[in-house]
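Report on the structure given below.
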Amino acid sequence: MKKILLKSRRNASGRETAPAELDLLFYRSWYSDLASLSDTRLVMHWRKEGPEEGRHPNLNALLQKELLDPTDLPEDFSPETYVALNPDIKASLPSSYHATHHYLKTGAAQGRPFRFDWQFYVDVHPDLAHLKSKQEAIQHWLQQGRHDGRFPSLNDFLASLGITRSVLPAQLTLDEIHRLNPDEHYPNFSTALKEIATQIPVRKLSISEDSATNANFYLQLALHQERIDSRSRADELYQLSLHFAPTALAHEHLGNLAVNRNESHQAIVHYRHALKLGSRSEWVPQNLAHALSKVHQFDEAIDVLIAATTIQSNLDLLSSKLDDVLYNYWHTQEQAFNCLAISHERDALIETAETSTKFVADAYGRFFTAYSKERKLAAPLCSNRVLIIGTFDLPQCLRYRIEQKVEQLELAGYKATAVNYRDHDRCDELVNFHDVVIFYRVPASIRTIRTIERTRSLGKVTFYDIDDLLIDSVSPPPIESFGGQVSLQVYANLTKDTAAFRAAATLCDFAISSTKPLLDKLSELVRYRTGFLHRNALDDIILKSIKASQNSSGYVNVFYGSGTLAHNSDFIDIALPAIDRLLQNYPNTRLVTIGHLKLPTLFLKKHGDQVVQFHSVLAPKSYLNFLSSVDINLAVLHDDVINDCKSEIKWMEAAHFGIPSIMSKTKNYIDTVEHGVTGFLATSHDEWYEYLEKLTVDASLREKIGAAAQAHIRSTYMPEALSENIVEFLESAVRQHAGI
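What follows is the structure, encoded as structure tokens:
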């Protein structure tokens, strides 16, 4: 049919006077009102009137105007056959031009038939041998054959199998088929092709001397069967293809079919073969990694994905698949974490968590190193843009360890941004724009490990900050210290959290902490074995809080605030005996508590009139307003390694209002409080009673101790002092990281 398009490019009349663009046959056929004009009159009409009337000189011009592409016309398109096969539109198609135009404009989209090989039609259907002409065959196909599922041509038959003539050798004949398959005998060429293509059961029938040609023939048949969800047939044909020659594509699809049958080990072997045969498919390494992950062969799965970075352009897909593999790995490890936590095997839990975290971190580290888009920073680090990625779950932690740092950095002219570590995508985005990243109280998980490793792969500086000893096997304290306020499951989760925090710390470069005892332990974990002390400080919330008017109630109010569940037994065991004596000996004293404290029933019965309890945890401003009205503040902690690491917030907050404090003699309070000057440090029941009694009976002593504490914190804990401190150690860490 391409002849009709070529014809439209020349003058059929051959006369010199006819324009080159005018196809007289088209012009006369297309425009019925011009059908009676002679060639000369047609030429004259075109020149004088045609363009003005919007007429077209040839079929190509018409198609171009209607944005139809003549190259979409099949090579074997026949206008006459098209009309014969579509009698419902025959009346509207008076010429071959009309038929061609109709096919391109609507017929192709409607799937209308356009080819018919009557010899094929008769050959492959012996029951139709009585049809003696093409017209008879077409009529049979229109009336019955197409409803029976019979194909009008060899090309249509091949198309139904998902292949074209191009997969067949150009010189393939019936004799050649018989020569290649001497045990077979076919009555004609069409029947031979049909039998070979649809053979059941499959056997090794050839269409060529060349093994690769045979392999590709069956491979193309198999691909179509898989597309139409005939998986069993596809599997047979892929295997038959491999009998002729090994191909990466056949192994890839056999692997896919095995995955669908949940036969991961078989899929793995096929995918490995596909890679050995040079597969460039982006799906082979991803699917192989998935199958390996399902059978817990995580090391090879990771190796496969990292190797694929050298040959694939879509590295985001590989990154996503690596996430999937590592999530699966982490899920298996979490089962071990649970078991070890409920079995109280804390050292084993920590070791398992660290090993698992290192496995994940190494995988991401290798991947990001291979990831061409990820480049280490060539220019000097920009330390004046700091990103803090941390937990926003605990209001006090958010305030003291995140919001205060932001305030202090901005005071120094730095740009600081804080983001919740659970907002993983935002974290990954912000890492791109910050060269100094602080991870605060972040547990090891797939996404946090990924973020830390990506940050490090870019050459940026990482810090790990935590303000409680949640990185040691002694944490959490015994469950009985919670006063029955936590369940066994919650306690197991706290135990796992310790291992997760510790494991995350091991990935970062430097340590930051609020107390020296805690910093010593945290520094042992980080990569540089270097840490920086950064204490909790005064901030706007505290500084803008005003001390309440002088207590006129006649009572001396002894205050204890508990923000967590963990210190119930501390207070009961250490301070309560002294308070019991104090309340009994001094009726003008009163115990005031806020938060998570469960007092013994006998104590309440005995001193109920001298005890005021608020069981809810107040917002910071309300808490400070309440604190400002008391006379004596208590900070009670057992003498152990966990409490040695606790910060001095309770003392500092009370000191702001000039309120004296009595504290347990932990290592951090020894570091920060001058005994007898800025506070009292007690170690025994008698000492607790001694200092309580002194402060109760001597208002001037209360004022003296409170004033000294207030002066000390205003010289040491102000935002300006902490601002200088954080800038100093950030710059020091950046220099050390750069090797300066």
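First residue of the sequence shown: 8, per our numbering; consecutive thereafter.
Virtual Cβ for every residue (Gly too), placed ideally from N, Cα, C.
Here the structure is a predicted model, which is why all the values come from computation and not from measurement.
The count of Cβ pairs closer than 8 Å, one atom from the segment 355 to 370 and one from the segment 502 to 519, reaches three, so the stretches are in contact.
Distance from the CA atom of V481 to the CA atom of L416, rounded to whole angstroms, is 34 Å. Residue pairing by DSSP places M670 opposite A642 and L688 in a beta bridge.
Here G169 carries a coil assignment [DSSP, helix/strand/coil]. For K139, the three-state secondary structure derived from DSSP is coil. If the five residues before and after P524 are omitted, its C-beta is found closer than 7 Å to the C-beta atoms of D651, C652, K674 and N675, all from its own chain and listed in chain order.
Using a Cβ distance threshold of 8 Å, Y104 and W53 do not count as a contacting pair. Separation of the CB atoms of G665 and G713 is rounded to 4 Å, and the pair is thereby assigned contact status at 8 Å.
If you check the CB distance, D587 and F610 come in under 8 Å. If you draw a 10 Å sphere on the C-beta of A706, you find fewer than 16 other C-beta atoms in it, and that means exposed. Positions of the alpha helix (DSSP H) runs, each at least 4 residues long and wholly inside the segment 538 to 614, are given as 547 to 550, 583 to 592 and 608 to 614 in order along the chain. Within 10 angstroms of the beta-carbon of V533 lie 16 or more other beta-carbons, which makes it buried. Residue state for I453 is assigned as helix, using DSSP reduced to three classes. Collapsing the DSSP output to three states places Q620 in a strand.
For P176, same chain residues with a beta-carbon under 6 Å away, outside a window of 5 residues either side, are S215 in chain order.
In the structure shown, the three-state DSSP call for S520 is strand. In this structure, the straight-line span from the alpha carbon of A257 to that of Q743 is close to 54 Å. Listed as beta-bridge partners of G397 by DSSP are N427 and Y447. By the Cβ rule, the segment 474 to 493 does not count as touching the segment 424 to 438, because fewer than three pairs are nearer than 8 Å. In the DSSP assignment, F489 falls outside any alpha helix (DSSP H), carrying neither H nor E. The DSSP-derived three-state label of I473 is strand. Bridge partners of V468 according to DSSP: V443. Residues N595 of the same chain have their beta carbon placed closer than 8 Å to that of G561, with the five preceding and five following residues left out of the count.
Secondary structure at R392: strand, using DSSP grouped into helix, strand and coil. Taking the Cα of L325 as reference, the smallest distance to any Cα among T339, A370, R353 and N345 is reached at A370.
If you look at S722, you'll find it in the alpha helix (DSSP H) that goes A706 to T723.
Assignment of H108 by DSSP, reduced to helix, strand and coil, places it in the helix class. Boundaries of the alpha helix (DSSP H) around S271: S271 to K283. Contact between the segment 131 to 145 and the segment 53 to 73 is not established, with fewer than three Cβ pairs separated by less than 8 Å. For K653, the secondary structure class from DSSP, reduced to helix, strand or coil, is coil. Assignment of K211 by DSSP, reduced to helix, strand and coil, places it in the coil class. Taking 8 Å as the cut-off, the beta carbon of V449 is found closer than this to the beta carbon of G397.
DSSP places N188 outside any alpha helix (DSSP H), giving it a letter other than H or E.
In the DSSP annotation of this structure, the continuous segment of the alpha helix (DSSP H) that includes N335 starts and ends at L322 to I349.
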